[in-house]
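Working notes, structure below.
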Amino acid sequence: MGNSVIDNVLALVDVGNAAARDLEYAKKQAGIWNDEAVRLREELEETRKVKFPRQPGGEGGWVIDYNFLKKLGAAVLRESEYSVDTEDIERLLLVLETVLAQEEEGNHEPDRS
Numbered sequence: 006m007g008n009s010v011i012d013n014v015l016a017l018v019d020v021g022n023a024a025a026r027d028l029e030y031a032k033k034q035a036g037i038w039n040d041e042a043v044r045l046r047e048e049l050e051e052t053r054k055v056k057f058p059r060q061p062g063g064e065g066g067w068v069i070d071y072n073f074l075k076k077l078g079a080a081v082l083r084e085s086e087y088s089v090d091t092e093d094i095e096r097l098l099l100v101l102e103t104v105l106a107q108e109e110e111g112n113h114e115p116d117r118s
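Under our numbering, the first residue of the sequence shown is numbered 6, with each subsequent residue one higher.
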């Protein structure tokens, strides 16, 4: 009878040791996941700081660099066979800057889709 009690205690110690190893592994994995979440969050914040190149001195009434806008328009035409008005491209890019900046500040509206 004495050996069975000792055997049971030893078995419990083994279970406890295994649980401790599992806990340490889980803590390590959680740290890795947390590090990755922090990295992704920082990357997202950098992405939200988008600023398109500006037209020097606002020449021609443009805010965004006119040559940049023309390149985008040409790329859209190549990819889709549709032309896009340069003013519309600029308007879209300026809105995009604003929306991304607001999301950075946590001021975005809930998705209604």
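The C-beta atom is built at its ideal place from N, Cα and C for all residues, glycine as well.
This one's a predicted model, so the numbers in the text were calculated from it and none came from an experiment.
Inter-residue spacing [alpha-carbon to alpha-carbon] between residue i and residue j
i    : j    : result
L98  : D40  : 32 Å
W38  : A16  : 33 Å
M6   : D19  : Any answer about M6 is weak, because its pLDDT of 49 lies below 50 and its placement is not dependable; what the coordinates show is given next. For M6 and D19, the distance between alpha carbons rounds to 20 Å.
G62  : V104 : 24 Å
V100 : G21  : 58 Å
Close-in-space but distant-in-sequence residues of the same chain around residue i (CB under 6 Å, 5 per side omitted)
i   : result
V89 : G78 and V81
Assigned secondary structure, residue i (DSSP; H/G/I helix, E/B strand, else coil)
i   : result
R96 : helix
D4  : Since the first residue shown for the chain is 6 and the last is 118, residue 4 is missing from the structure and cannot be characterised.
D90 : coil
Cβ shell of residue i (< 8 Å), same chain only, five flanking positions each side left out
i    : result
E102 : V55, K56 and F57
Enumerated in chain order, which unbroken segments of the alpha helix (DSSP H) with a length of 4 residues or greater are wholly contained in the region 52-88? Here the runs fully enclosed are 71-85.
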